[in-house]
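Quick note, the working numbering runs 408 ahead of the 1-based positions in the sequence shown.
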Amino acid sequence: MKQPIRIGALISGSGTNLQAIMDACASGDIDGRIAFIGSDTPDAAGLERGRRLNIPTFVVNYGSIIRRYKKAPETLTVPDDFDLSTVLSKQTLFPADADGKTVKAFFITRAAAEAELLDRMTPYPFDLLVLAGFMRNLTPYFIDRVNTVPDLPRIMNIHPALLPAFPGIDGYGDTFRYGCKIGGCTVHFVDYGEDSGPIIGQKAYEISGEDTLASVRKKGLKLEWELYPECVKMFADGRLKKVRKTYLLKDGGKMYRTVVKILPSPQR
Ligand code: GAR
């Protein structure tokens, strides 16, 4: 019989999405269990959700690592297996003309933090890593050490907007301020860019003239709590397949894109 999947979770905040996934595991909707909960800040209230259930939790304090680098860069040790030029050649978080010093500082501090994350995760093997309100971009250094099997991505993220619109840190705010009449949320696999990986699922809600940013966020979160468990369930049921598509364009050129194909539900 198939084993329940082991789900690792990274959070930064209240962890309501994590709770929705935990509830779906508890009810049997998802054939899985939470293996660990990690956070980039000790202030993440969601850590308590794990502690209550004796799920292993840990913190890798990104803020203190970044502050330390700013104060005394030479005191920060980067992992032995970190190679800045490899990471730079893969990343799509920064444009090619971005300030070199800023970019270098970003990847060095993230390598230190991500090496610690990988270290803290090692005792808890997992099949899927869910980013549930984790407000840090992961770099190729970390992603390549989790996605070790070609074509089997296993880091998922939820984003509070209908991607590819409004990537970044304030999806609901960006949607609302733009005057969108429809907003939504997206679950996707993580790639080397910011909220740019192949889309697994999306849900949408209407925005009326009476809506406020708070009511937009409320509508969106309600959908997130449905969408994320549904996508994790599809992963657990082996229904997500990464496929590379080729499209012929009007000008005769070709376009390539990696998308997620959803396989039919397993027949029981
Ligand atoms: C959610 O709205 C999630 O989509 C968003 O943070 C919130 C976390 O809430 N994530 C991002 O913006 C990631 N870029 P939660 O901690 O209660 O699940």
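The C-beta atom is built at its ideal place from N, Cα and C for all residues, glycine as well.
Do you know how far the Cα of residue j is from the Cα of residue i?
| i | j | result |
| --- | --- | --- |
| residue 500 | residue 603 | 11 Å |
| residue 465 | residue 512 | 30 Å |
| residue 581 | residue 632 | 16 Å |
| residue 503 | residue 621 | 30 Å |
| residue 414 | residue 528 | 16 Å |
| residue 688 | residue 475 | Since the first residue shown for the chain is 409 and the last is 676, residue 688 is missing from the structure and cannot be characterised. |
| residue 589 | residue 616 | 7 Å |
| residue 351 | residue 557 | With the chain covering only 409 through 676, there is no way to say anything about residue 351. |
| residue 661 | residue 653 | 14 Å |
| residue 578 | residue 612 | 17 Å |
| residue 524 | residue 648 | 29 Å |
| residue 585 | residue 573 | 13 Å |
| residue 618 | residue 487 | 51 Å |
| residue 630 | residue 481 | 43 Å |
| residue 635 | residue 623 | 18 Å |
| residue 591 | residue 575 | 13 Å |
| residue 439 | residue 412 | 5 Å |
| residue 538 | residue 595 | 10 Å |
| residue 663 | residue 455 | 43 Å |
| residue 477 | residue 509 | 13 Å |
| residue 422 | residue 515 | 27 Å |
| residue 506 | residue 563 | 27 Å |
Taking C-alpha atoms, which residue in the options lies nearest to residue i?
| i | options | result |
| --- | --- | --- |
| residue 561 | 657, 548, 573 and 571 | 548 |
| residue 534 | 644, 649, 482 and 668 | 644 |
| residue 450 | 430, 471 and 505 | 471 |
| residue 597 | 478, 454 and 571 | 571 |
| residue 495 | 553, 539, 460 and 538 | 553 |
| residue 517 | 536, 479 and 430 | 479 |
| residue 467 | 584, 612, 542 and 619 | 542 |
| residue 627 | 599, 545 and 583 | 583 |
| residue 665 | 605, 575 and 483 | 605 |
| residue 600 | 555, 540, 505 and 591 | 555 |
| residue 459 | 591, 430 and 519 | 430 |
| residue 559 | 422, 674, 667 and 418 | 667 |
| residue 674 | 469, 642, 514 and 575 | 642 |
| residue 484 | 520, 454 and 514 | 520 |
| residue 498 | 463, 550, 526 and 658 | 550 |
| residue 536 | 418, 506, 410 and 505 | 418 |
Can you say whether residue i is buried or exposed, counting buried as having 16 or more other CB atoms within 10 angstroms of its CB?
| i | result |
| --- | --- |
| residue 565 | buried |
| residue 672 | exposed |
| residue 587 | exposed |
| residue 435 | exposed |
| residue 452 | buried |
| residue 420 | buried |
| residue 457 | buried |
| residue 568 | buried |
| residue 625 | buried |
| residue 670 | exposed |
| residue 609 | buried |
| residue 531 | exposed |
| residue 462 | exposed |
| residue 614 | exposed |
| residue 656 | exposed |
| residue 432 | buried |
| residue 540 | buried |
Under a CB-based cut-off of 9 Å, is residue i close to chain D?
| i | result |
| --- | --- |
| residue 487 | Among the protein chains of the structure shown there is no chain D, as only one such chain exists. |
Touching by the beta-carbon criterion (3+ pairs, under 8 Å), the segment 443-456 and the segment 414-426: yes
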